[in-house]
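Residue numbers (this note's numbering): 1305 to 1517.
First comes the structure, then the notes that go with it.
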Amino acid sequence: MVANPNPALQDQVAAIITAAAAGELPAIVQAGHPTLRTPAPAWQGQLNPRELESLIDVMRQCMHAAPGVGLAAPQIGVSLQLAVLEDQHLIDPETAALRERTHFDFLAVLNPRYQGLGTETAEFYEGCLSVPGWQAVVPRHRAVGLHFSSPDGSEHYREYSGWPARIVQHETDHLHGGLYLDKAIIRSLSSNAEYATRWAHPGIELAQRELGF
Ligand code: NI
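Pasting the structure below:
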């Protein structure tokens, strides 16, 4: 059953699913594309359950292939409040501890909304598959509460802190036309190569001092 069918969206998603089945994953939309700057319509059942499930599966494949820890539907050109999140990457224990980077089991969210919990913020480098080659420090809520719907229609509220909270905020912002650069401390902007050479420390103190932010 499709609650609110959107034939144009269904056609677009069908083409993505067909191409993926033939081994061609959708390209990740790059900054400068208007879809990334357009608030995505809320999920209201525009696709049937099989279409939604297949779309989520393609997004998960895309996220793994990139590789990334999250992907929002607008990043494959689909304007819909849908994102996938997953972080199973192993990083060194010191960095993981300081950044509070813990495993984040795969999650698909529809219509996510977050609010900061408490007043604490955390500042770390992050990047985005739609802005490849660059990273910048983004101050974010250290902890958030997230309301979302699951593909099965159930409603949820979960609380996240540390790196998972950062992923939640980054991906949810995508669904509202935001990019991490909107919130970044722009003087921290660093190419991946410069980041790897100079700033790949658990914290940002050295980069703060040397780049002046
Ligand atoms: Ni992103």
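Each residue gets a CB set at the ideal place from its N, CA and C atoms; glycine is no exception.
Asked                                                                                                                                                                      : Found
In the DSSP assignment, find the unbroken alpha helix (DSSP H) run with residue 1316 in it and report its ends.                                                            : 1311 to 1325
Please classify residue 1490 as buried or exposed, where buried requires at least 16 neighbouring CB atoms within 10 angstroms.                                            : exposed
Could you give the uninterrupted runs of the alpha helix (DSSP H) lying entirely in the segment 1377 to 1435, keeping only those of 4 residues or more?                    : 1397 to 1403
Alpha carbons only, please: which of 1394, 1318, 1434 and 1358 is nearest the one belonging to residue 1406?                                                               : 1394
What are the boundary residues of the beta strand (DSSP E) that includes residue 1439?                                                                                     : 1438 to 1445
Please state whether DSSP places residue 1451 in a helix, a strand or coil.                                                                                                : strand
Below 8 Å on the Cβ atoms is my contact criterion, and I expect residue 1435 with residue 1473 to pass it. Report the Cβ-Cβ distance as a whole number of Å.               : That pair is no contact at about 16 Å.
Is residue 1328 helix, strand or coil when you go by DSSP?                                                                                                                 : coil
With distances taken from CA atoms, which of 1455, 1427 and 1437 is nearest residue 1506?                                                                                  : 1427
In the structure shown, what three-state DSSP assignment does residue 1515 receive?                                                                                        : helix
Can you tell me the Cα-Cα spacing of residue 1365 and residue 1420, whole angstroms?                                                                                       : 30 Å
Do residue 1363 and residue 1390 have their CB atoms nearer than 8 Å?                                                                                                      : no
With a threshold of 7 Å, establish whether the CB of residue 1484 neighbours any heavy atom of the ligand NI.                                                              : yes
Compute every distance between the C-beta of residue 1394 and the non-hydrogen atoms of the ligand NI, then say whether any falls below 7 Å.                               : no
Under the DSSP definition of a beta bridge, which residues are partnered with residue 1457?                                                                                : BP columns for residue 1457 are empty, so no partner.
Roughly how far, in whole angstroms, is the beta-carbon of residue 1342 from the beta-carbon of residue 1482, given that I think they are within contact range, below 8 Å? : Rounded, the Cβ-Cβ distance is 11 Å, inconsistent with contact.
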